[in-house]
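Asks: Chains as they are written, first to last, in the numbering used here: chain A, 702 to 939; chain B, 58 to 1083. Ideal placement from N, C-alpha and C gives every residue a C-beta, glycine not left out. Treat the numbers as computed from the prediction; the structure is a model and nothing was measured.
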């Protein structure tokens, strides 16, 4: 056999493998890359310390999570602390920037967002158990990097598109279409700086962009797994 | 080693090496362009559909601007088809699964300027993602219908190619949701399927019309023996001609409507020598003649829509030149009223709410209108920027204005920058009809030359709003002037007085059109066979000027030589004079290799670097040839080199533009997008940044002051790519570096000029940034490590930190030329605005440090005040702002110091109860002083409470916000506030000296540590924020 045909056969085989990727193959690799529900469920609590960055300023931030059930975020601005917290079915916030020093109840949209954030188990990896639907849209170039675009249609009607780096299978970007009653809100988030947190790969940088540049970023200097969290911090101050 | 394997590997390696340095679309992905509108007149709408169960969800298909979706009944729209062909012919929602939407590309309103499609697309997720599912060679799709009982069965009517014979025409059917297609009705290569309706109660029953039609560059023909109406009762297996009652033996385009409430009743408008409406009440077996009025018969090839009210079978809507309504089953029509405002003419799409037949959405050549009263009054959606420009031009003002003419929407201009962005209110009309070329007078900005179809050039005066007809007329005995639909009017790049105009002859004026000089003979082929437009149209004569041929289409004077003028004609001639028009030479007499004879010369671009160099694009699409033709000549047009490459897939070409700074940088406007070459045409990339769609780019110009690339698109209005500097900097050497800065245009120190004001409503196109834009390049995407940009002044102080992008290729970050931080403010119950406002930086040299993980590179930049600004005033603003900044920090220090003494005193008192009284007294005294400094009323209300902190904060904000000097009153106010702070210091000091000293004496007695008010340097260290 001539060398050329061997090479072309090899190329053909490679091409076939590439196109034969099913959505479950891709999710399997994504699950392996991130740790997946098995590892994610082992995270009982997580404490994230870092900063929110916007307009040349850094705002220190601490987020404390009880996997799937509670979350509290503290953000410091001009020496004042903005707090958002929820546990189970109700949430509250304090926003002294607006002059209110007492806690106010969260609106349903904020509550929904907070609940989503507290869930450390990947909806995509756990889609079957959670009754979501998935679809492999295809390959797409994201900022010069080849990705697999996977659609996750959640049970509640929200839709998420994951752009998984075709080499590492870690999400590079996520686009969401969240339904808040009559309203549908779309957003794009970019992830990087994946580091291991208790067996789970977590992005330590998330960016939001507008007009081709970053306008908002959160950077976590430290994410600790399974630290002790006093449940009292989630309770709404009276 | 086997030699061939070695060669193969070597080739592979060198290919890799080249690949590593190649510019791709994503290399420049961060350089997003801005669409400045306009939406005030919007553009041609071809299809509208809404969800039956949730009519707030609307999809709008356009002639050249893609598909737009609203989820809020039209309050806002988003484009959802930007990766695909922008010309949409048909659009339909599967009402059983409303997330499924079908779109047929290639409009079927077969006017001269119509674009082409690339097949049928389907979305399963409400328009977020689309997949091409077939019919890729049909070029035009007029209608899609879904079997109401089976969503997998879909019928698609494809009239097929307008400019050539094709077997791709006909009626198509899928029964597997688009996986496979069968052509179920076909006549011949000249006859396509124009319309299809399905019986909503019995989906086996279908009606379809076949249409024979054809365009050439010089004629149009609608109608012939093969045009006919058919019916099938077996879901398309067999078809029977159903025209009993139709008058005549030759037909043109036939449009159909079935009554939803009575499906045996259908209406059909059949184009013929006497175009007529017909009605059947027995499912097509017999047809009765109805109205033949102008409402029905006007331009039937262009207006091919009729609809029946969902409830009342006698009520018919006929969108045409205007919308007409019949309430008597088509016996008579009256025009819909336009109470509430004008409605743009030329209607091609109509949606009637099936749940509420008073609610209509109408698609016109000028956008979408909504009626809530069955068409008696209308409101336009001013948020759809799908305007179709033919040409674009700019003037030399600051900011420059953009001028251009649009399909059926006249001529307009708007500033490239405006307060709040470029809003609908910023666009000024300067000509009517169909607009094409618009030229600002180069000497007097009040004058604008615009035109309407067929060479009718007007001189418009912006100040007086007067227009004067200045078109050249043939002199006695001269033949009639032949003017293209899109007649060129072009100003000279070398002589501000000169304006050219092209009929079959070239004309020149140097007195604003008061007189014209004919400076050429007939420069066209003057082929009489291509000049029979009075017979054009087919069954119904349609001689609007759209088919005028053997005309001049492009004029270009060399920027290096006033006597050197190039002319291109629509019948393929490139003509050159080098003596200002005395003698002309046809430069392509022997033809150009690879270019079909007579191909339309769409643009000629004489190089600004060398008068021997010239570029040209050719458009042969009107002969059915959609290929891109772009050529360069380096010997003044004697020989031509093709610049087409395999990667260039733009369809027919409209405009080539050579950059005015870097000769190798070329921009090519094609029917499918903007293409760029960084290597003088050796390779091309498609511009896709920010999901810029493959829209038809008809014209391109570059502003020499800003380096902006300005595009006139035929479907997305005017699009500006700000600042070409970074594109000019891209070289293979640069691309080989791991990380590097890339040059951009500098920005002066200013608060800016286009900040918020009361919004004007409708679409607002973004402004370009007045901030300093940094560009930088990463060879690879940064997947780990922080990316940021730090800016230091010449003292080494960190001025600002910008967020960094991590993408592979070019990235950008903007600096507003401010310090990131405002003054430290005294702590209170509320935040103070001044704490968030950094001052503008001073003139000088700054070091910019790009940090990527543990690596960094630096560059230095100079920043300066705006050229026209008073340096003295800018300096005064700096001084006074700095004074207020210092004062605010001094106050913060004093307050913090008092608080800490109070806290310490309280702490000591806790240690020894005997101290309580004195501690309290001391604290109370300090508190009284402190409360003069900062507002202390809590609550979310407007408390109105203003203490020194708030007064300084507001004044700081006001003085900092204006570039120039502060007012005398502001200066006095600063002085007054300074005094107030001094008083605070003195009062506090007195307390420290008297009361604190006394307390310290007591502390000493109880052997507790004394309290010292925090010294300034310690406070500085404590509060130095990270």
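1. How big is the Cα-Cα spacing for residue 156 (chain B) and residue 107 (chain B)?
2. Alpha helix (DSSP H) containing residue 1054 (chain B): first to last residue?
3. Have a look at B:1064, B:82, B:942, B:126 and flag the residue whose alpha-carbon is nearest the alpha-carbon of residue 135 (chain B).
4. Give me the Cα-Cα distance between residue 575 (chain B) and residue 517 (chain B), rounded to the nearest whole angstrom.
5. Taking Cβ-Cβ distances shorter than 8 Å, what residues in chain A pair up with residue 882 (chain B)?
6. Run through the DSSP bridge pairs and tell me what residue 911 (chain A) is partnered with.
7. Would you say residue 749 (chain A) reaches chain B, if we count a Cβ-Cβ gap shorter than 8 Å as a contact?
8. Counting only beta-carbon atoms, is residue 794 (chain A) nearer than 8 Å to chain B?
9. Starting from residue 995 (chain B), find everything on chain A with Cβ-Cβ shorter than 8 Å and list it in chain order.
10. Give me the Cα-Cα distance between residue 744 (chain B) and residue 289 (chain B), rounded to the nearest whole angstrom.
11. Straight-line CA distance for residue 419 (chain B) to residue 446 (chain B)?
12. Quick test of the definition: if touching needs 3 or more C-beta pairs under 8 Å, does the stretch 797 to 809 of chain B touch the stretch 806 to 816 of chain A?
13. Work out the CA separation of residue 438 (chain B) and residue 426 (chain B) for me, nearest whole Å.
14. At a Cβ threshold of 8 Å, is residue 182 (chain B) touching chain A?
15. In terms of residue numbering, what span does the alpha helix (DSSP H) encompassing residue 816 (chain A) cover?
16. Tell me, which residues are paired with residue 517 (chain B) by DSSP?
17. Under the DSSP definition of a beta bridge, which residues are partnered with residue 872 (chain A)?
18. Label residue 206 (chain B) either buried or exposed according to how many other C-beta atoms from any shown protein chain fall within 10 Å of its C-beta, with 16 as the threshold for buried.
19. Locate the beta strand (DSSP E) running through residue 127 (chain B), then write down its first and last residues.
20. With a CB to CB cut of under 8 Å and the five nearest residues on each side skipped, what residues in its chain are close to residue 933 (chain A)?
21. Beta-carbon of residue 914 (chain A) versus every beta-carbon of chain B: anything under 8 Å?
22. Ignoring anything shorter than 4 residues or poking outside the stretch 729 to 792 of chain B, list the alpha helix (DSSP H) runs there in chain order.
23. Going along chain A in order, which residues have a C-beta closer than 7 Å to the C-beta of residue 840 (chain B)?
24. Which same chain residues, not among the five before or five after residue 503 (chain B), have their C-beta less than 7 Å away from its C-beta?
25. Which one of A:869, A:801, A:834 has the shortest CA to CA distance from residue 724 (chain A)?
26. Taking only beta carbons into account, state which residues of the stretch 114 to 135 of chain B come closer than 9 Å to chain A, listed in chain order.
27. Measure from the alpha carbon of residue 828 (chain B) to the alpha carbon of each residue in B:876, B:790, B:795, B:798, then state which is nearest.
28. Considering only the alpha carbon of each residue, which of B:223, B:685, B:232, B:298 lies closest to residue 246 (chain B)?
29. What would DSSP say about residue 753 (chain A), mapped onto helix, strand or coil?
30. List, from N- to C-terminal side, the beta strand (DSSP E) runs of 3 residues or more that fit wholly inside the stretch 170 to 216 of chain B.
31. Report, in whole angstroms, the separation of the C-beta atoms of residue 1092 (chain B) and residue 713 (chain B), which I expect to be a contact under 8 Å.
32. Evaluate the contact criterion for the stretch 535 to 553 of chain B versus the stretch 494 to 503 of chain B: three or more CB pairs, one atom per stretch, below 8 Å.
33. Quick one: grab the DSSP three-state call for residue 1070 (chain B).
34. When you compare only the Cα positions, how much space is there between residue 750 (chain B) and residue 731 (chain B)?
35. When DSSP builds the beta bridges, which residues end up paired with residue 564 (chain B)?
36. Quick check on residue 469 (chain B): buried or exposed, where buried means 16 or more other Cβ atoms within 10 Å of its Cβ?
Replies: The short version:
1. Whole-angstrom Cα-Cα distance: 11 Å.
2. From DSSP, the alpha helix (DSSP H) with residue 1054 (chain B) extends over 1054 to 1062.
3. Check the Cα spacing between residue 135 (chain B) and each of B:1064, B:82, B:942, B:126: the tightest is with B:126.
4. The alpha-carbon of residue 575 (chain B) is positioned some 23 Å away from that of residue 517 (chain B).
5. 779, listed in chain order.
6. In DSSP, residue 911 (chain A) forms a bridge with A:914.
7. When Cβ-Cβ separations below 8 Å define contact, residue 749 (chain A) makes no contact with chain B.
8. Taking CB atoms only, residue 794 (chain A) has no neighbour in chain B less than 8 Å away.
9. Neighbours of residue 995 (chain B) on chain A, chain order: 800, 802.
10. Between residue 744 (chain B) and residue 289 (chain B), the C-alpha separation is close to 46 Å.
11. If you take the alpha carbons of residue 419 (chain B) and residue 446 (chain B), they lie about 22 Å apart.
12. The way I'd put it, the stretch 797 to 809 of chain B doesn't touch the stretch 806 to 816 of chain A; fewer than three beta-carbon pairs between them come closer than 8 Å.
13. Counting only the Cα atoms, residue 438 (chain B) lies some 6 Å from residue 426 (chain B).
14. Chain A, which has a Cβ nearer than 8 Å to the Cβ of residue 182 (chain B), makes this yes.
15. Taken as a continuous stretch (DSSP letters only), the alpha helix (DSSP H) holding residue 816 (chain A) covers 809 to 819.
16. Checking the DSSP bridge columns, you'll see residue 517 (chain B) partnered with B:505, B:524.
17. DSSP, once it has assigned bridges, lists A:865 as partnering residue 872 (chain A).
18. Exposed, since its Cβ has fewer than 16 Cβ neighbours within 10 Å.
19. Per DSSP, residue 127 (chain B) belongs to the beta strand (DSSP E) from 124 to 127.
20. If you ignore the 5 residues before and after residue 933 (chain A), its C-beta comes within less than 8 Å of no other C-beta in its own chain.
21. At a cut-off of 8 Å between C-beta atoms, residue 914 (chain A) counts as an interface residue with respect to chain B.
22. If one requires a minimum length of 4 residues, the alpha helix (DSSP H) runs lying completely within the stretch 729 to 792 of chain B are 782 to 786, in chain order.
23. Result: 893.
24. Here the set comprises 518, 519, 520.
25. Among A:869, A:801, A:834, the Cα nearest to that of residue 724 (chain A) is on A:834.
26. Result list: 128, 129, 135.
27. Among B:876, B:790, B:795, B:798, the Cα nearest to that of residue 828 (chain B) is on B:876.
28. When each option's Cα is compared against that of residue 246 (chain B), the closest is B:223.
29. In this structure, residue 753 (chain A) counts as strand in the three-state DSSP scheme.
30. Secondary structure within the stretch 170 to 216 of chain B: the beta strand (DSSP E) runs of 3 or more consecutive residues, fully enclosed, are 177 to 180, 188 to 191, 200 to 203, 211 to 215 (chain order).
31. As displayed, chain B neither begins before 58 nor continues past 1083, which places residue 1092 (chain B) out of reach and without an answer.
32. The stretch 535 to 553 of chain B is in contact with the stretch 494 to 503 of chain B.
33. In the three-state scheme derived from DSSP, where H, G and I count as helix and E and B as strand, residue 1070 (chain B) is classed as coil.
34. Linking residue 750 (chain B) to residue 731 (chain B) through their CA atoms gives a straight-line distance of about 9 Å.
35. BP columns for residue 564 (chain B) point to B:558, B:575.
36. Buried, since its Cβ has 16 or more Cβ neighbours within 10 Å.
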